[in-house]
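Engineer: Chains as they are written, first to last, in this note's numbering: chain A, 168 to 354; chain B, 168 to 354. All C-beta atoms in this analysis are idealised placements derived from N, C-alpha and C, irrespective of residue type, glycine included.
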DNA sequence: TCTGAATCGGAACCGGAACTTCGGTTCCTC
DNA sequence: GAGGAACCGAAGTTCCGGTTCCGATTCAGA
């Protein structure tokens, strides 16, 4: 496997970018059922090239999930800047959900994020947990949500919303689901 | 494929029962990842025998799902007999969820029940929809739940609960999820 | 009991998809 | 601009799991 940080030959770097972009597109469309040769073809490279950069499909998927999680952390940090405690939480959840919309691969990852290990993204998960925990804690202290709400509830709720996205794709049905759950968070 | 109703030779009938029981056990444990040769071995028959009774894995799965759905309808009819409109709805949802607990295969079917066709169980689905629709309608009229609640919301909510069961197995985490959602159903 | 038709078992088949290999090509350095 | 290391690509290889086939076996009616 080619480590991404080292000085890569120009063509190698170009191909790596293309592979990542294609993987993003195809995993988003087909979830983990996207095939390696499809990804290679979409990127305009051979299978060998894909496997030189990512020794296994799992690694490639992990890379996708990692970048998505990093994006989550950005959203959490931005939401934290909102003054109103409830609006901050609302922003966190709604924007996170919108981020996942349209990416079947990440939806699957989201659903399994509690259970599965996803070796290699513990760090990203932890970085996300921090601001999220603070946002929830602030909402609880302000009394704008039920007082037994904890950080643990966040992935659980997201799992539910995401499953509606995944299994009823296309529509905005998940927003209805989110609305129901949101009503349940109130004190 | 051997139709189950006709006069079956004694050994054939016995084997059919064994196959169904084994399939139930293994699909419950492993979801749709349970393998046909495992099922055959567990039932103490050969692969050929399994395929004589059920021409494809899909058929076998469908048979499982069908019997589970029939059980759902029983639960709905029983719940309907409860006087209090909210308790009736509560009974329907909680008992349905408990029925699904511990059966990974059916959990998957539940999540996909909106989207997937599941050719051959439309009838069972319809039979279940009737009492369920009445229970929800009664709760809405009585004003014990939010007035925009519809039958459509039921599979959606179940999808969410079930996904927590599936992806956080073992624990009773899904009861927490259910509690949150339930709180959101109130007017 | 005897017979043949239904049923059984599991080895072999087959397609699909992840992964490997290696001869040819491209890029960078001197 | 020449040499060689790094890289490319696509035709294999392998593995896995659903499905089929057919000789052996068992059942039920006469």
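Cβ closer than 9 Å: which chain A residues qualify as neighbours of residue 408(B)?
Structural biologist: Nothing about residue 408(B) can be reported from this structure: the residues present for chain B run from 168 to 354 only.
Engineer: Looking at C-beta atoms only, is the number of pairs between the segment 264-275 of chain A and the segment 323-331 of chain A that lie closer than 8 Å three or more?
Structural biologist: yes
Engineer: Excluding sequence positions up to five away, which residues of its chain have a Cβ less than 8 Å from the Cβ of residue 169(A)?
Structural biologist: Confidence in residue 169(A) is poor, its pLDDT being 49 and thus under 50, which makes the residue's placement unreliable; the coordinate value appears in the next sentence. Taken in chain order, the residues that qualify are 175, 179, 183, 219 and 220.
Engineer: Can you look up residue 322(A) in the DSSP assignment and give me helix, strand or coil?
Structural biologist: helix
Engineer: If the criterion is Cβ atoms closer than 7 Å, does the pair residue 334(A) and residue 279(B) meet it?
Structural biologist: yes
Engineer: Exposed or buried, which one is residue 216(A) when buried takes at least 16 other CB atoms within 10 Å?
Structural biologist: Residue 216(A) is buried by the Cβ-count criterion.
Engineer: Quick check for students: name the residue ranges of the alpha helix (DSSP H) that lie wholly in the segment 212-246 of chain A, counting only runs of 4 or more.
Structural biologist: 214-220
Engineer: Should the segment 295-306 of chain B be regarded as contacting the segment 233-240 of chain B, the criterion being three or more beta carbon pairs within less than 8 Å?
Structural biologist: yes
Engineer: Tell whether a beta-carbon distance below 7 Å holds between residue 348(B) and residue 351(A).
Structural biologist: yes
Engineer: Can residue 190(A) and residue 206(A) be called in contact, C-beta distance under 7 Å?
Structural biologist: Taking 7 Å as the Cβ cut-off, residue 190(A) and residue 206(A) qualify as a contacting pair.
Engineer: Please list the partners that residue 340(B) has in chain A, where partner means a Cβ-to-Cβ separation under 9 Å.
Structural biologist: 281, 319 and 323
Engineer: Name the residue from 248(A), 271(A), 225(A) and 229(A) whose alpha carbon lies nearest to the alpha carbon of residue 337(A).
Structural biologist: Looking at the Cα atoms, 271(A) is the closest of the given residues.
Engineer: From the beta carbon of residue 350(B), is the nearest beta carbon of chain A less than 7 Å away?
Structural biologist: So, interface residue.
Engineer: Taking the runs of the beta strand (DSSP E) that are 3 residues or longer, which of them lie wholly in the segment 257-281 of chain B?
Structural biologist: none
Engineer: Could you spell out where the alpha helix (DSSP H) holding residue 312(A) opens and where it closes?
Structural biologist: No alpha helix (DSSP H) contains residue 312(A), which DSSP labels as neither H nor E.
Engineer: With a threshold of 8 Å, are at least 3 pairs of Cβ atoms found where one atom belongs to the segment 221-233 of chain A and the other to the segment 242-261 of chain A?
Structural biologist: no
Engineer: DSSP state of residue 207(B), grouped into three classes?
Structural biologist: Residue state, collapsed to three classes: helix.
Engineer: So, is the C-beta of residue 347(A) closer than 7 Å to a C-beta in chain B?
Structural biologist: At least one CB of chain B lies nearer than 7 Å to the CB of residue 347(A).
Engineer: Which two residues bound the contiguous alpha helix (DSSP H) that contains residue 351(A)?
Structural biologist: 340-352
Engineer: Pull up the distance between the alpha-carbon of residue 214(B) and that of residue 276(B), whole angstroms please.
Structural biologist: 24 Å
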